[in-house]
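In our numbering, the protein residues as written are 21 to 549.
First the structure, in the form of structure tokens, and then the observations on it.
Written as structure tokens, this is what we have:
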């Protein structure tokens with residue numbers, strides 16, 4: 021198959037071709053979560069709120085999810101080399117705009133376009149890799165490598181950009197991204213042929229309507245989940261209007277998909293029980309995965325670790341992710357039952373949340389968190405690849421692309437819901453604990469009196485006037501309360517995750533029909549979602 025389709029020149033060895041194709045996806049993966057590498061630095065650079073930076077990531081994700089199904093038509097129409105050169109050049113231009121702009125409202129549409137271009141990149145690169153692999157083993161290893169890289173994107177970005185952001189303006193990372201595209205562009209220019217398939221599908225019947233409806237729904241979901249807490253949910257007209265818009269667009273989209281001959285997403289996939297169970301497992305995993313962001317915030321705000329140092333601590337998380345993906349790949353190749361993969365994966369996540377629950381404190385040593393971070397990465401790495409393969413394998417090969425597209429949408433939904441849950445829980449739990457502390461703390465309390473006396477004396481001994489020292493001591497007390505509030509919020513959230521993971525483990529243990537789906541990638545032209 022590799023030589024029957026002469027996409028690459030004959031002198032190019034197979035190992036070089038696979039490296040080039042995979043390397044083409046790396047800059048896009050890095051750009052994906054780039055704004056989250058240092059959310060405060062990004063917010064300061066663009067003069068916006070941290071929620072706006074989270075929304076810029078959601079827009080990239082929405083562009084990727086929404087364009088995934090439509091992109092296949094372009095792949096079928098354009099020559100591979102021509103297609104590579106077009107979207108890689110557009111990616112460089114988009115990164116150039118991000119580098120020069122200071123306006124968040126210019127960044128938003130560009131990030132959505134970057135997501136669409138990332139869909140082009142992933143679909144073409146991984147499909148060409150798949151067509152050059154003649155065995156199921158090779159396809160599943162390719163799946164594992166791609167998803168392993170995607171899972172490592174956030175901690176890896178933190179590692180490589182921490183010093184850059186600390187030394188330069190935030191936009192320097194987009195300049196680095198621009199130059200990272202150039203090697204792949206040169207390799208593609210020299211190694212690919214101008215081969216065009218004889219069977220080319222014209223572009224005159226592109227389903228832009230479904231793309232527009234679907235993408236608008238995705239953007240509105242991200243908007244509600246990220247800004248809902250800030251605007252008091254349905255009390256705000258913007259949030260209420262977005263909810264009504266999603267309901268109307270959903271009804272129109274479902275009716276449209278059932279009416280047209282070639283649906284954007286084939287609704288028959290929802291007839292398969294194991295497909296729906298796989299989506300549920302993937303959704304839960306994604307909610308639990310992004311709970312680790314609370315840990316990183318705790319490192320910076322409560323333990324006062326430098327962001328550069330936090331990036332090095334997360335090397336243990338990256339090591340766990342890589343180890344988990346490798347183990348999961350081996351188990352899939354050995355045709356292990358899905359319960360034997362999911363159970364240890366979710367058990368690792370449960371153990372991580374339990375360990376962190378008892379490790380949250382106002383003072384701690386960094387080595388206490390090395391093992392929990394590794395365990396969290398191990399659990400996520402074990403679950404991710406087998407779950408996506410399980411979802412795709414649960415439906416016939418003819419509607420496999422629709423299953424992959426919906427799995428991608430569920431991952432996006434899990435990302436947005438995790439942000440919404442953390443925002444809601446942070447405000448609710450911090451307020452609850454602050455009020456509880458206020459009910460029990462008074463200036464007549466011996467502990468409070470002793471703290472205020474000691475702090476006032478310490479500040480006065482350093483030359484501060486006594487009346488100013490008394491006011492500063494009260495501010496120090498409030499600061500201590502805020503630290504305790506954040507620690508208690510983190511503990512409460514992780515406790516909720518523990519109960520969710522325990523319920524998931526019960527589901528995995530007591531539902532034996534989960535093992536009726538054989539983990540097997542049936543299609544050689546299926547790119548991962």
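For every residue, glycine included, the Cβ atom is placed at its ideal position computed from N, Cα and C.
As the structure is a computational prediction, the values presented were derived from the model and not from experiment.
Residue environment, residue i, which counts as buried when at least 16 other CB atoms sit within 10 Å
{"i": "residue 72", "result": "buried"}
{"i": "residue 210", "result": "exposed"}
{"i": "residue 549", "result": "Confidence at residue 549 is low in this model, with a pLDDT of 49, below 50, so the placement of that residue is unreliable and no value is reported for it."}
{"i": "residue 558", "result": "No answer is possible for residue 558: it lies beyond the span of the chain, which begins at 21 and ends at 549."}
{"i": "residue 545", "result": "Interpretation of residue 545 is limited by its pLDDT of 46, a score under 50 that renders its predicted location unreliable; the figure taken from the coordinates is listed afterwards. Result: exposed."}
{"i": "residue 165", "result": "buried"}
{"i": "residue 131", "result": "buried"}
{"i": "residue 350", "result": "exposed"}
{"i": "residue 526", "result": "exposed"}
{"i": "residue 449", "result": "buried"}
{"i": "residue 470", "result": "exposed"}
{"i": "residue 185", "result": "buried"}
{"i": "residue 421", "result": "buried"}
{"i": "residue 387", "result": "exposed"}
Option nearest residue i by Cα separation, candidates the options
{"i": "residue 84", "options": "61, 52, 108", "result": "52"}
{"i": "residue 86", "options": "312, 242, 31, 355", "result": "242"}
{"i": "residue 427", "options": "408, 234, 416", "result": "408"}
{"i": "residue 67", "options": "94, 88, 126", "result": "126"}
{"i": "residue 551", "options": "139, 212, 521", "result": "The requested residue 551 does not occur in the structure, where the chain is confined to residues 21 to 549."}
{"i": "residue 437", "options": "510, 500, 304, 335", "result": "304"}
{"i": "residue 201", "options": "98, 295, 182, 40", "result": "40"}
{"i": "residue 239", "options": "478, 79, 470, 479", "result": "79"}
{"i": "residue 74", "options": "124, 414, 309", "result": "124"}
{"i": "residue 532", "options": "335, 293, 423", "result": "293"}
{"i": "residue 251", "options": "516, 171, 444, 530", "result": "444"}
{"i": "residue 452", "options": "429, 483, 404, 504", "result": "504"}
{"i": "residue 441", "options": "424, 306, 500", "result": "306"}
{"i": "residue 214", "options": "244, 423, 98, 265", "result": "98"}
{"i": "residue 233", "options": "225, 255, 284", "result": "284"}
Residue i - DSSP class collapsed to helix/strand/coil
{"i": "residue 28", "result": "strand"}
{"i": "residue 549", "result": "Note that residue 549 scores 49 on pLDDT, short of 50, meaning its location in the model is unreliable and no value can be drawn from it."}
{"i": "residue 212", "result": "strand"}
{"i": "residue 425", "result": "helix"}
{"i": "residue 532", "result": "helix"}
{"i": "residue 322", "result": "coil"}
{"i": "residue 506", "result": "helix"}
{"i": "residue 434", "result": "helix"}
{"i": "residue 501", "result": "helix"}
{"i": "residue 123", "result": "coil"}
{"i": "residue 103", "result": "helix"}
{"i": "residue 416", "result": "coil"}
{"i": "residue 250", "result": "coil"}
{"i": "residue 188", "result": "coil"}
{"i": "residue 285", "result": "coil"}
{"i": "residue 392", "result": "helix"}
{"i": "residue 305", "result": "helix"}
{"i": "residue 483", "result": "coil"}
{"i": "residue 243", "result": "helix"}
{"i": "residue 178", "result": "helix"}
{"i": "residue 381", "result": "coil"}
{"i": "residue 118", "result": "helix"}
{"i": "residue 33", "result": "coil"}
Pair within 8 Å by beta-carbon distance, residue i and residue j
{"i": "residue 340", "j": "residue 375", "result": "no"}
{"i": "residue 189", "j": "residue 65", "result": "yes"}
{"i": "residue 204", "j": "residue 108", "result": "yes"}
{"i": "residue 432", "j": "residue 81", "result": "yes"}
{"i": "residue 237", "j": "residue 141", "result": "no"}
{"i": "residue 76", "j": "residue 47", "result": "no"}
{"i": "residue 380", "j": "residue 396", "result": "no"}
{"i": "residue 58", "j": "residue 70", "result": "no"}
{"i": "residue 411", "j": "residue 248", "result": "no"}
{"i": "residue 314", "j": "residue 510", "result": "yes"}
{"i": "residue 208", "j": "residue 101", "result": "yes"}
{"i": "residue 88", "j": "residue 139", "result": "yes"}
{"i": "residue 402", "j": "residue 361", "result": "yes"}
{"i": "residue 338", "j": "residue 507", "result": "no"}
{"i": "residue 310", "j": "residue 435", "result": "yes"}
{"i": "residue 2", "j": "residue 273", "result": "Here the chain comprises residues numbered 21 to 549, so residue 2 is not present and cannot be evaluated."}
{"i": "residue 171", "j": "residue 400", "result": "yes"}
{"i": "residue 167", "j": "residue 345", "result": "yes"}
{"i": "residue 331", "j": "residue 173", "result": "no"}
{"i": "residue 295", "j": "residue 415", "result": "yes"}
{"i": "residue 348", "j": "residue 405", "result": "yes"}
Open item on the list: If we require 4 or more residues per run, which alpha helix (DSSP H) segments fall completely within the stretch 253-283?
Closed with: 257-279
- [ ] Enumerate, from N- to C-terminal direction, the unbroken beta strand (DSSP E) stretches of 3 or more residues contained entirely within the stretch 338-371.
- [x] none
TODO: Report the residue ranges of all alpha helix (DSSP H) runs contained in full by the stretch 56-98; include only those spanning at least 4 residues, in chain order.
DONE: 59-66, 70-97
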